[in-house]
Amino acid sequence: MTRQPWSYVPAALIAAAALAPVLVLVYMSIGADLLFDGRTFEIVLNTVLLAVLTVTGAVLIGVPLAVVTTYADLPFRRVWVALLAAPLAIPSYLGAFAFFAAFGPGGEIETLTGIATPRAEGLIGASLVMTLYTYPFVLVSTRAALQSLDANVVDAARTLGLTLPAAMFRIVLPRAANGIAAGALLVALYTLSDFATPAIMHLDTFTRMIYVDYHAFGLDSAALMSLQLLALVVIVLFFESRIRVRRERPGRVLQLPLSRAVNSTAFALAGVVVLAAIVLPVAVFGAWLVREGVVGFEPRYALNSAYAALLAALGAVIVALPVAYAASAGWFGRLCERITYLGFGIPGIVMGTALLYLGLRLPLLYQTLALLVLAYILRFLPLAVGAVRSSTERVENNLVGAARSLGATPGEVFRRVSLPLILPGIVAAAALVFLEAMRELPATLLLRPTGFDTLATYLWRVYEAGHLGRGAVPALALVLVSGVALVLMLSGEARRRRLTAG
Numbered sequence: 001m002t003r004q005p006w007s008y009v010p011a012a013l014i015a016a017a018a019l020a021p022v023l024v025l026v027y028m029s030i031g032a033d034l035l036f037d038g039r040t041f042e043i044v045l046n047t048v049l050l051a052v053l054t055v056t057g058a059v060l061i062g063v064p065l066a067v068v069t070t071y072a073d074l075p076f077r078r079v080w081v082a083l084l085a086a087p088l089a090i091p092s093y094l095g096a097f098a099f100f101a102a103f104g105p106g107g108e109i110e111t112l113t114g115i116a117t118p119r120a121e122g123l124i125g126a127s128l129v130m131t132l133y134t135y136p137f138v139l140v141s142t143r144a145a146l147q148s149l150d151a152n153v154v155d156a157a158r159t160l161g162l163t164l165p166a167a168m169f170r171i172v173l174p175r176a177a178n179g180i181a182a183g184a185l186l187v188a189l190y191t192l193s194d195f196a197t198p199a200i201m202h203l204d205t206f207t208r209m210i211y212v213d214y215h216a217f218g219l220d221s222a223a224l225m226s227l228q229l230l231a232l233v234v235i236v237l238f239f240e241s242r243i244r245v246r247r248e249r250p251g252r253v254l255q256l257p258l259s260r261a262v263n264s265t266a267f268a269l270a271g272v273v274v275l276a277a278i279v280l281p282v283a284v285f286g287a288w289l290v291r292e293g294v295v296g297f298e299p300r301y302a303l304n305s306a307y308a309a310l311l312a313a314l315g316a317v318i319v320a321l322p323v324a325y326a327a328s329a330g331w332f333g334r335l336c337e338r339i340t341y342l343g344f345g346i347p348g349i350v351m352g353t354a355l356l357y358l359g360l361r362l363p364l365l366y367q368t369l370a371l372l373v374l375a376y377i378l379r380f381l382p383l384a385v386g387a388v389r390s391s392t393e394r395v396e397n398n399l400v401g402a403a404r405s406l407g408a409t410p411g412e413v414f415r416r417v418s419l420p421l422i423l424p425g426i427v428a429a430a431a432l433v434f435l436e437a438m439r440e441l442p443a444t445l446l447l448r449p450t451g452f453d454t455l456a457t458y459l460w461r462v463y464e465a466g467h468l469g470r471g472a473v474p475a476l477a478l479v480l481v482s483g484v485a486l487v488l489m490l491s492g493e494a495r496r497r498r499l500t501a502g
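Anchor point for the sequence shown: position 155 equals 155 in the UniProt record's numbering, and the numbering is continuous, going up by one each time.
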């Protein structure tokens with residue numbers, strides 16, 4: 001009889017916990033009226049249109065910038081790449097707060113300059129903000145695909161009579177199509193999952209209406225809409241799973257000599273994007289800080305955020321270890337790992353709705369910090385599993401075997417051999433979960449204990465009260481957290497490139 005790995009049992013239990021929110025939603029929705037009236041049609045239409053417009057905008061911005069930053073000989077290229085990737089680490093709701101406050105009658109732009117601007121709201125406003133904070137998905141995935149293409153293919157096409165623009169459209173971009181599609185699907189997934197941006201922009205989408213129904217005590221209706229939203233997410237995840245980014249044998253990297261006009265256009269596009277996505281929000285939040293200072297803000301909001309995020313980071317790492325080891329042991333472990341990835345695909349508002357119902361049925365959990373931390377763990381467990389597994393796969397089996405042959409117990413082998421080797425991955429996993437939990441808004445709004453405000457929920461509270469200026473400190477603090485996330489992301493990419501090159 002074959003002995004199963006020790007990690008299979010805890011991995012199976014963790015996978016069952018990751019699947020539980022979906023089962024809870026199904027149970028909650030039993031008895032809810034399935035209506036397809038004008039309101040439902042409007043919600044579906046708004047949600048789909050927001051996703052389509054955001055994906056279109058992200059591709060139109062991300063692909064040209066990816067081509068230019070990959071192939072053109074730009075001055076300070078690494079700086080531009082870092083700046084253009086920065087919005088990926090910033091929650092879109094921070095941009096929505098800034099745009100909502102900056103534009104329109106009485107907005108910050110009109111107050112400071114006297115220039116009247118249209119209000120940023122509705123479908124157009126939400127699409128614009130979502131595009132600015134999701135196009136880096138397309139930029140990063142397209143750059144990765146372009147960097148693997150051999151310039152000799154383009155040279156061969158040029159010798160056969162194709163102009164450079166024709167070679168780009170007929171040779172380069174089709175070969176990078178899978179990378180573009182992968183980024184576009186990530187944009188769609190993020191857009192479908194986002195709650196705060198449509199809500200701030202007064203656009204009725206699934207996420208906003210789930211929150212409204214929850215406050216109207218329509219939990220069965222909220223659960224039904226959550227399942228409908230989850231169905232859209234599953235469709236996107238299915239198409240994403242079918243995408244295989246083409247990897248070619250590395251060759252000479254293509255270099256594009258840009259004319260002065262094209263170079264100026266590229267710089268203008270990049271500059272406008274950086275100004276809109278980074279400079280504008282920081283300037284708005286800075287103006288609030290100068291004008292109103294720290295009125296209404298208490299340090300405990302930051303401490304609450306850090307405390308809950310730290311508990312989530314520790315819990316996620318502990319839970320990720322058996323899942324990562326099980327995934328390396330066989331097909332059953334890989335299945336458990338794939339199930340845990342479901343949490344990252346479930347929108348925060350959907351996760352919050354399911355766990356809220358669970359808390360109502362288990363009074364010991366209702367409105368407790370434990371339930372909020374559980375939501376963070378289930379949401380961001382895939383980040384921890386991915387980082388830990390990449391470290392465990394680099395632990396050589398012969399080192400473990402040698403330690404066992406010298407009489408060490410499995411616990412001693414893990415503590416003295418494996419743990420020191422995988423510790424960098426554990427630290428990276430904890431940092432990623434900590435940063436994401438600090439910025440999580442919808443699940444925190446639904447599950448936080450009474451009186452337990454975080455940076456994100458305090459920012460939401462001042463928005464609902466109309467005192468936007470009081471959001472300066474939490475907004476700038478979340479921008480700082482996002483900057484740390486960006487540094488970790490870029491350092492991780494650099495580390496992976498060094499390992500690949502080695």
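Ideal Cβ placement from N, Cα and C applies to all residues, glycine included.
Span of the alpha helix (DSSP H) around residue i
i      : result
ASP213 : 206–215
TRP460 : 455–465
PRO442 : 442–447
GLN367 : GLN367 -> no alpha helix (DSSP H), and no H or E assigned at all.
GLU108 : 108–113
ARG470 : Premise fails: ARG470 is in no alpha helix (DSSP H) and is neither H nor E.
PRO10  : 8–29
ILE349 : 348–361
Identity of the residue in the options nearest residue i by Cα
i      : options                        : result
VAL319 : ALA101, PHE380, LEU365         : PHE380
SER305 : THR54, ILE124, PRO474, SER141  : PRO474
LEU132 : GLU292, THR56, ILE422          : THR56
LEU49  : PHE238, GLN228, PRO165, LEU123 : LEU123
GLY183 : LEU60, PHE97, LEU369           : LEU60
ARG389 : THR111, ARG300, ALA72, LEU321  : LEU321
VAL290 : ARG470, THR142, LEU383         : ARG470
GLU42  : GLY296, LEU280, THR205         : THR205
PHE285 : PHE97, VAL44, LEU314           : PHE97
ILE109 : THR340, ALA231, PRO281         : PRO281
ALA222 : ILE30, VAL462, ALA429, THR197  : ILE30
GLN147 : ALA126, ARG175, ILE426, GLU440 : ARG175
Cβ-based burial, residue i [other Cβ within 10 Å; buried from 16]
i      : result
ARG448 : buried
TYR93  : buried
GLY451 : exposed
ILE349 : buried
ARG242 : exposed
GLY466 : exposed
ALA11  : buried
ASP73  : exposed
SER7   : buried
LEU486 : buried
GLY333 : buried
TYR27  : exposed
SER259 : exposed
GLY106 : exposed
ARG143 : buried
ARG39  : exposed
Proximal residues to residue i (C-beta, below 8 Å), its chain only, five neighbours per side dropped
i      : result
ALA120 : PHE99, PHE100, ALA102, PHE103, GLY104, LEU128, VAL129, MET201
ILE278 : LEU83, ALA86, PRO87, ILE90
ALA312 : VAL373, TYR376, ILE377, PHE380, VAL433, PHE434, ALA437
LEU296 : The sequence given here places Gly at residue 296; Leu does not occur at that position. VAL462, HIS467, ARG470, listed in sequence order.
Spatial neighbours of residue i in its chain, beta-carbon cut-off 6 Å, leaving aside the 5 residues before and after
i      : result
LEU88  : PRO136
SER482 : ALA89, ILE90
GLY343 : ALA18, LEU378, ARG379, LEU381
GLY359 : LEU365, TYR366, LEU371
ALA354 : PRO21, VAL24, LEU25
VAL484 : none
Beta-carbon contacts of residue i that lie in its chain and below 7 Å, excluding the five residues immediately before and after
i      : result
VAL154 : ALA167, ILE171, VAL172, LEU254
THR444 : LEU372, THR454, ALA456, THR457
VAL81  : THR69
LEU383 : ALA429, LEU432, VAL433, GLU436
Point to revise | In chain order, each beta strand (DSSP E) run of at least 3 residues that lies wholly inside the segment 243–331 | key: none
Review point. Where are the alpha helix (DSSP H) runs, 4 residues long or more, that stay fully inside the segment 36–78, in chain order?
Key: 38–71
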